[in-house]
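Written below as structure tokens is the structure these notes are about.
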Amino acid sequence: MAEKTAAKKTTKKRATAKAKKNLVIVESPSKAKTIEKYLGTNYKVVASIGHIRDLPKSQMGVDIENDYEPRYINIRGKGDIIKGLKKEAKAAKRVYLASDPDREGEAIAWHLSHILDLDLESGENRVVFNEITKDAVKEAFKHPRQIKMNLVDAQQARRILDRLVGYSISPILWKKVKKGLSAGRVQSVALGLVIDREKEIQAFEPDEYWTIDTEFKKGAKKFKANFYGVDGEKLELPDNETVQSVMKRLQIKDDFAISDVTAKERKRNPQPPFTTSTMQQTANTQLNFRTRKTMMAAQQLYEGINLGGKEGTVGLITYMRTDSTRISDTAKNEASLFIHEEYGDEYAALKPVESKLQEGAQDAHEAIRPTSVFRTPASLKDKLTSDQFRLYQLIWSRFVASQMTPEILDTMRVTIEQNGVQFRANGSKTKFPGFTKAYPAAKEKDNVLPDLTVGDAVALVNSNPEQHFTQPPARYTEAALVKALEENGVGRPSTYAATIEVIQKRNYVRIDTKKFVPTELGEMVQDTVRQFFPEIANIKFTAKVEDELDQVENGQENWVQVIDDFFKPFSKELEKAETEMEKIVIKDELAGYNCEVCGAPMLVKMGRYGKFHACSRFPDCRNTKTIVEEIGLTCPKCGIGQVVERKTKRGRTFYGCSRYPDCDFVAWDKPNEHTLADGTTPKVEDQADSAKEAAATEA
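Below, the structure written as structure tokens:
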């Protein structure tokens, strides 16, 4: 009887042990569902919903006197998630940490290991994969590893550095300038770039120059040409006097002769597949996507889309935070097979283009590419949202093109001459489309010249001497600012969206026709930071810090030493700022009219969203008004009010009638006297947004 009881207990223990599953912790629920499907019934996959521990928001959270020891706390609101993770881990056979394959993902895994009391020394429980596909996930689980503390230390050092800067400078700005301000390592450099560009524009002195654009014809075929020079020498046209001396040599009614024809073949190589930065820039210029929208859509494509049928949910692109243009051999072979089948042998490159890794870039991951090139954009269109589809199509096209042969163009340069005055025309025609077959957006437009040979006579159709002036450098678009930050080695592409959002949210910059313009507040803050914390606003210094963080990741630098080398001189600057920085008083100006509610004078005030008008009796009277600028045009709809410039709550400029809401004329584009009354309109309620926001800020 005792033997039977013992046998039953043993069987029960085995059954219990057999029932235990391996626990896998990822960051997002959508990723969890996909991975659990791939791993099968022996695994349970749950999500931490991002970070579970962080530095406290209410205090510095760094022990400066004790080797900058961070004081991590469980993130507020994550209590139930942590409790659930602990319960699952206790019941699991084994725990795997499968957060994202980068520094931040490694840090999340490290925090999870502390919360769950996992073995850091000998436990090989870290799993990484660059794409969420069945093969990649299963292969990754065959090779778990220990958490790499160099990656954790690099991420931890960045977080502590940013905390030391932000939580040290911001209180001083609050005290000396205005509440609600902030400064940061990458933020201050980004703002500085925008401000310095504006100063270049204001200091720019234009130079005069002229062009002589002409149109010729041979038979019925017309073509355009530009002035080149005189008597075989290139000649600049700095003024009208030079232009007239050239025109006097021409006999307008006589034929011109073709004096030279140079025909060549030109090759255009495809660009490499996307990195995070080049994806952000191209999506901004080609799709008009803001950086945040690009990263959001890319995250969704990476984590998985439900395709239905046998495939179910599958990740469509590889990891979207990468500095590398490297492609795996497997992906290259699959792309080559697809190109041979879809386009033909002549389109498949024997040796695809490779780009040199940018200095300071990390080569931990592949470039951004589709997880399977056979999932064409057309085949997925009905499974994706509009944003997902457009970004996937861009990523897919760029990757496929990178594995294809060059575009070949027949080019022709023609010199047209009369009395020693020379004009030149350049033409090109696609001879072989090459990579543009898969990436039409990259195709050059044909400019076909008529058949011309030396000695042919052509007639002048018209000539147009025109005065021009050199233009100042352009303001930064979002794509251009991202490019500038990357080229200067500032921050990481994965952080650019947040950086750009912060300088807008703080009202340090505004957007005008898709370009960044610094505000008075932004210039005031930047001047203060540059005066008292010059290295924080210095591009080279910030790039140097990034290099040192890379060395921490590579095990060549100690993270505590990197922070110490930064903080010791920085702390002296803090002391100096505390004692020497004078309080900046932002004086309220009279608006020039009285409050229609109580009759007191209205003032011009600086709020979170910029300047606005407010009653001088605030808070007894809370009347506020947006500041509007008339553009000198009577409303084309009502014919009574004036067209004024306004802002939406997101800072976008539009134009509306000053009699709103009695007249609801609004237009995105700046109207002129030809504007129709029924032009394109945004939502009418946007006209009231600025006033509402200003009132909410002061309240």
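First residue of the sequence shown? That's 1 in our numbering, and the numbers climb one at a time after it. No residue lacks a Cβ here, since even glycine has one placed at the ideal position from N, Cα and C. Quick caveat, the model's predicted, so the values are computed rather than measured.
Is residue i close to chain D? Criterion is C-beta to C-beta, closer than 7 Å.
i	result
residue 84	Of the protein chains in this structure there is only one, and it is not chain D.
With a threshold of 8 Å on Cβ separation, who are the neighbours of residue i within its own chain once the five nearest residues in sequence on each side are excluded?
i	result
residue 20	91, 92, 93
residue 628	644, 645, 646, 658
residue 115	52, 53, 74, 82, 85, 86
residue 469	206, 207, 208, 209
residue 381	389
Have a look at the options and flag the residue whose alpha-carbon is nearest the alpha-carbon of residue i.
i	options	result
residue 194	485, 430, 631	485
residue 478	79, 86, 292	292
residue 536	168, 647, 495, 342	168
residue 303	126, 634, 50, 132	132
residue 158	180, 172, 184	184
residue 578	528, 406, 476	528
residue 253	228, 229, 143, 418	418
residue 334	114, 349, 139	349
residue 622	641, 644, 522, 597	597
residue 76	49, 88, 66	49
residue 177	664, 581, 570	581
residue 264	331, 566, 409, 155	409
residue 624	223, 631, 395, 615	615
Which same chain residues, not among the five before or five after residue i, have their C-beta less than 7 Å away from its C-beta?
i	result
residue 573	532, 533
residue 312	37, 306
residue 361	With a pLDDT of only 44 at residue 361, under the threshold of 50, the placement of this residue in the model should not be trusted, and no figure is reported.
residue 160	62, 68, 70, 563
residue 1	Model confidence at residue 1 stands at a pLDDT of 49, short of 50, so the residue's coordinates are unreliable; what they give is reported in the following sentence. Contacts found: none.
residue 231	420
residue 548	557, 562
residue 273	325, 327, 367, 368, 369, 398, 399, 402
Are the Cβ atoms of residue i and residue j separated by less than 7 Å?
i	j	result
residue 451	residue 429	no
residue 510	residue 519	yes
residue 73	residue 56	yes
residue 151	residue 553	yes
residue 321	residue 376	no
residue 439	residue 494	no
residue 448	residue 427	yes
residue 385	residue 266	no
residue 126	residue 109	yes
residue 475	residue 515	yes
residue 392	residue 301	yes
residue 338	residue 373	yes
residue 422	residue 660	no
residue 173	residue 181	yes
Name, in chain order, the residues that DSSP records as bridge partners for residue i.
i	result
residue 468	209
residue 145	126
residue 266	409
residue 427	412
residue 23	44, 95
residue 450	Residue 450 is not bridged to any residue.
residue 313	306
residue 214	225, 463
residue 63	69
residue 512	515
residue 613	604, 625
residue 666	656
residue 565	None, per the DSSP bridge assignment.
Using 8 Å for Cβ pairs, my map puts residue i next to residue j. What's the rounded Cβ distance?
i	j	result
residue 248	residue 461	Not quite, the Cβ-Cβ distance comes to about 20 Å (not below 8 Å), so this is no contact.
residue 38	residue 128	Contact doesn't hold; Cβ gap of about 15 Å is too wide.
residue 280	residue 496	7 Å
residue 703	residue 269	This structure leaves residue 703 out entirely; the chain is present only between 1 and 699.
residue 595	residue 606	That belief does not hold up - the Cβ atoms of residue 595 and residue 606 are roughly 18 Å apart, past 8 Å.
residue 26	residue 140	Between residue 140 and residue 26 the Cβ distance is about 12 Å, and since that is not below 8 Å, they are no contact.
residue 255	residue 457	4 Å
residue 213	residue 415	Between residue 415 and residue 213 the Cβ distance is about 16 Å, and since that is not below 8 Å, they are no contact.
Return the chain-ordered list of same chain residues with a C-beta closer than 6 Å to the C-beta of residue i, the five sequence neighbours on each side being excluded.
i	result
residue 262	413
residue 29	47
residue 517	510
residue 219	none
residue 502	187
residue 44	21, 23
residue 102	321
residue 134	38
Quick one: is the Cβ of residue i within less than 6 Å of any heavy atom of the ligand MN?
i	result
residue 54	Judged by which ligands are present, the structure shown has none, so any question about the ligand MN falls away.
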